[in-house]
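K.L.:
Be aware that the sequence shown starts at 4, since it is given in the numbering used here, and climbs by one per residue.
Questions regarding the structure given below will be posed in turn.
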Amino acid sequence: MTSYFLCRANELKDEQSRSFSLDTAQGVFEVFLHKTQQQIKAFQNHCPHLGIPLNWQPNEFLSIEGTHFQCSTHGALFNIDDGLCIAGPCTGQSLTPLELIQKEDGGLWIKH
Numbered sequence: 004m005t006s007y008f009l010c011r012a013n014e015l016k017d018e019q020s021r022s023f024s025l026d027t028a029q030g031v032f033e034v035f036l037h038k039t040q041q042q043i044k045a046f047q048n049h050c051p052h053l054g055i056p057l058n059w060q061p062n063e064f065l066s067i068e069g070t071h072f073q074c075s076t077h078g079a080l081f082n083i084d085d086g087l088c089i090a091g092p093c094t095g096q097s098l099t100p101l102e103l104i105q106k107e108d109g110g111l112w113i114k115h
């Protein structure tokens, strides 16, 4: 596994998402981060229904209400805290969570 630097924690505002395209030995790996007041979560940017990225614009993952991640293609809604799909064609499936490592300097890294 290789470690990939994404950004520094202080570059994310509360309730903000940010997408990243990582060039890996296996090809491009799409990732996104989302910061809440309590923590930063990392998920693979991959809808379990069709295997396509969730966002409809760069860094735009949230529903209009800002309460769930929403797939831009079929409108599936996912819990922000655990990635579980609660509505849409993939109800009961989940986004793939990624282990996020925060270094002492605030750098956010994932392994893939």
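We put the CB at the ideal spot given by N, CA and C, even for glycine.
All values reported here derive from a predicted model rather than from experimental measurement.
Inspect the beta-carbon positions of Leu15 and Ile113 and report whether they are closer than 8 Å.
P.N.:
Taking the first residue of the sequence shown as position 1, residue 15 is located at position 12. Taking the first residue of the sequence shown as position 1, residue 113 is located at position 110. Result no, Cβ atoms of Leu15 and Ile113 do not sit closer than 8 Å.
K.L.:
Output yes or no for whether 8 Å exceeds the beta carbon distance between Pro61 and Ser97.
P.N.:
On the sequence shown, position 58 is the one that residue 61 refers to. On the sequence shown, position 94 is the one that residue 97 refers to. Not a contact, by the Cβ cut-off of 8 Å.
K.L.:
Grab me the residues of Tyr1's own chain with a C-beta within less than 7 Å of its C-beta, minus the 5 sequence neighbours each way, in chain order.
P.N.:
Past the edges of the chain, shown from 4 to 115, lies residue 1, and the structure says nothing about it.
K.L.:
Name the DSSP bridge partner or partners of His37?
P.N.:
Working through the sequence shown from its first residue, we reach residue 37 at position 34. Partner(s): Ser20, Lys44.
K.L.:
Do His49 and Cys74 have their C-beta atoms within less than 8 Å of each other?
P.N.:
Taking the first residue of the sequence shown as 1, we reach residue 49 at position 46. Taking the first residue of the sequence shown as 1, we reach residue 74 at position 71. No. Outside cutoff.
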